[in-house]
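In my numbering, the protein residues as written are 1 to 335.
Don't be surprised by glycine CBs; every beta carbon is placed ideally from N, CA and C.
As the structure is a computational prediction, the values presented were derived from the model and not from experiment.
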Amino acid sequence: MRFPVFGRRTVQFLMPVLIGSCVSMASSGQPASGQRVGPSLIIDGINNVANSASNFLNGVVQRQKEILHHVADSATDYVANAVERPRSLIMNTALMTSNYIDSAASIGLDFKLRRLLEKFRTRMTHGFAEFGIPILEPLQLDGVYYETHNPEIGELKLLLDNLTISGVSSFVVDRARLSLIGPSIAMNLTFPKLYLEGDYKLGGVLGDMFKIHGAGPVTSAITDLKIYFATVLGYSRGMYLKSFDMDFDIGHIEMYLGNLMGDEKIGKVMNEVIQDVLPQALEIMKPDIVPRIQDFIASRVNNTIYHLTMRDVLSFLIGESEVRKYPHLLHPRSK
């Protein structure tokens with residue numbers, strides 16, 4: 001079987017963005033667009049789970065309820081101030097770039113960008129051995145570490161290892177905008193279904209009063225993950241990301257942590273509680289998570305493209321045959 005031919009620069013330019021996006025989906029999520037996050041949702045979820053488990057270890061479950069109620073109540077002000085903002089994730093990407101991208105002339109550029117993404121998809125299941133890049137479908141990740149000292153949640157340390165994420169190549173390009181002013185790129189991608197399995201190690205304190213711990217297998221299913229990003233390229237003795245913005249939304253997530261709390265029965269109850277409050281907890285932590293993801297992606301991209309010229313970038317985006325149509329863009333001023 002023959003696969004589309006990619007140049008070295010094409011792969012070097014595109015790889016960090018998609019890899020970084022994949023990492024982001026492995027570590028974060030938020031409620032569906034339009035859903036109002038509040039402690040009442042968390043409390044209702046805890047009550048439902050705790051009541052269903054009332055025949056088992058009533059004393060233990062009651063204490064977990066009281067502690068998680070405290071965590072939810074203490075987060076009230078934070079949620080009201082930090083999370084109360086428009087949640088429509090399908091952002092108006094035209095505002096993130098320029099009016100140029102909506103002109104009739106840009107339609108052909110958008111098509112080229114979509115075609116490039118489709119070609120990249122066909123190679124994800126085989127990798128790029130010529131560049132030392134492994135198979136991306138399924139995606140393999142090791143050593144994904146997250147630590148938070150969020151006063152509303154507590155102090156938590158989480159290590160994910162030996163992760164396998166399936167479904168990465170199934171992404172759908174909802175919107176792709178390319179402007180040669182910049183150049184700038186904006187995209188909305190949807191991953192209909194992702195499956196994750198691997199190992200985890202969790203430790204810390206919830207609400208400064210309840211210790212939580214566990215180490216073992218982790219499985220997760222993510223439905224309708226939407227990723228948005230917009231970037232403007234700059235030039236200063238080489239290409240770099242002048243600006244980079246991203247966001248994401250998870251339609252639904254299911255997760256199970258094996259050996260949680262070191263006890264099968266208690267772990268089962270706690271998994272049900274965590275499953276119910278996970279979207280809200282992630283929403284509270286999102287202001288801390290997103291900047292880390294942005295820094296990771298920007299660093300990877302900048303390390304890859306710093307040696308490229310504007311001609312290299314334009315050739316990658318629109319093809320070498322089209323570059324001669326834009327001579328005024330080939331010698332940008334350093335900024």
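Cut-off 6 angstroms between Cβ atoms - residues of its own chain near residue i, not counting five sequence neighbours on either side
| i | result |
| --- | --- |
| Ala-298 | Leu-241 and Phe-244 |
| Leu-159 | Tyr-145 and Lys-201 |
| Met-25 | With a pLDDT of only 47 at Met-25, under the threshold of 50, the placement of this residue in the model should not be trusted, and no figure is reported. |
| Asn-58 | Low per-residue confidence applies at Asn-58: pLDDT is 48, beneath 50, and the placement is therefore not dependable enough to give any value. |
| Phe-248 | Ile-227 |
| Gly-267 | Leu-260 and Met-261 |
| Leu-117 | Val-173 |
| Asn-162 | Gly-198 and Asp-199 |
| Glu-137 | Met-124, Thr-125, Val-168 and Ser-169 |
| Phe-191 | Phe-171 and Leu-225 |
Euclidean distance between Cα positions of residue i and residue j
| i | j | result |
| --- | --- | --- |
| Phe-296 | Val-290 | 10 angstroms |
| Met-261 | Thr-219 | 16 angstroms |
| Asn-271 | Leu-257 | 7 angstroms |
| Leu-317 | His-213 | 48 angstroms |
| Asp-110 | Leu-189 | 14 angstroms |
| Thr-304 | Arg-177 | 22 angstroms |
| Asp-288 | Ala-281 | 12 angstroms |
| Lys-112 | His-252 | 32 angstroms |
| His-126 | Gly-238 | 31 angstroms |
| Lys-193 | Ala-129 | 27 angstroms |
| Thr-223 | Leu-308 | 37 angstroms |
| Leu-196 | Met-310 | 38 angstroms |
| Arg-175 | Asp-263 | 46 angstroms |
| Phe-229 | Ile-250 | 15 angstroms |
Exposure of residue i, with buried meaning 16 or more beta-carbon neighbours within 10 Å
| i | result |
| --- | --- |
| Phe-120 | buried |
| Glu-283 | buried |
| Ile-293 | buried |
| Tyr-306 | exposed |
| Ser-246 | Correcting the residue identity first, residue 246 is Met in this sequence and not Ser. So Met-246 ends up on the buried side. |
| Arg-388 | No information on residue 388 is available, as it lies outside the stretch 1 to 335 that the chain covers here. |
| Pro-134 | exposed |
| Asp-312 | buried |
| Pro-279 | buried |
| Pro-31 | Note on Pro-31: pLDDT 42, under 50, position unreliable in the model; the coordinate value appears next. Buried, since its Cβ has 16 or more Cβ neighbours within 10 Å. |
| Ser-40 | For Ser-40, the pLDDT reaches just 46, beneath the cut-off of 50, and the residue's location in the model is therefore unreliable, leaving the point undetermined. |
Bridge-paired residues (DSSP) for residue i
| i | result |
| --- | --- |
| Leu-225 | Phe-191 and Ile-250 |
| Val-232 | Ser-184 and Ser-243 |
| Lys-265 | Bridge partners of Lys-265: none, in fact. |
| Leu-257 | Val-218 |
| Leu-317 | Answer is none; Leu-317 lacks a bridge partner. |
| Arg-110 | The question names Arg, yet the displayed sequence has Asp at residue 110. In the DSSP output, where bridge partners are listed per residue, Asp-110 has none listed. |
| Val-397 | Nothing in the structure corresponds to residue 397, since the chain is present only between 1 and 335. |
| Gln-140 | Thr-164 |
| Ala-281 | For Ala-281, which the question treats as bridged, DSSP gives no partner whatsoever. |
| Thr-148 | Leu-156 |
| Ser-179 | Ser-184 |
| Glu-118 | Answer by DSSP bridge pairing: none, since Glu-118 is not bridged. |
| Glu-197 | Thr-164 and Thr-219 |
| Val-357 | The requested residue 357 does not occur in the structure, where the chain is confined to residues 1 to 335. |
| Val-173 | Leu-189 |
Short CB-CB distance (under 8 angstroms) between residue i and chain B
| i | result |
| --- | --- |
| Tyr-145 | The chain labelled as chain B is not found in the depicted structure, where only one protein chain is given. |
7 angstroms Cβ shell around residue i - same chain, five flanking residues per side excluded
| i | result |
| --- | --- |
| Glu-254 | Ser-220, Ala-221 and Gln-275 |
| Asp-208 | Gly-154 |
| Asn-302 | Tyr-240 and Leu-241 |
| Gly-203 | Lys-157 and His-213 |
Contacts around residue i, its chain only, beta-carbon distance under 8 angstroms, and the 5 residues preceding and following it disregarded
| i | result |
| --- | --- |
| Gly-216 | Asp-199, Tyr-200, Leu-257, Gly-258, Asn-259 and Leu-260 |
| Asp-366 | Because the chain spans 1 through 335 in this model, residue 366 falls outside it and cannot be assessed. |
Is it a yes or a no for the stretch 145–159 touching the stretch 168–175, going by three-plus beta-carbon pairs under 8 angstroms?
no
Below 8 angstroms, how does it come out for the stretch 229–236 and the stretch 175–187: are there three or more Cβ pairs, yes or no?
Segment contact: the stretch 229–236 against the stretch 175–187, three or more CB-CB distances shorter than 8 angstroms; contact assigned.
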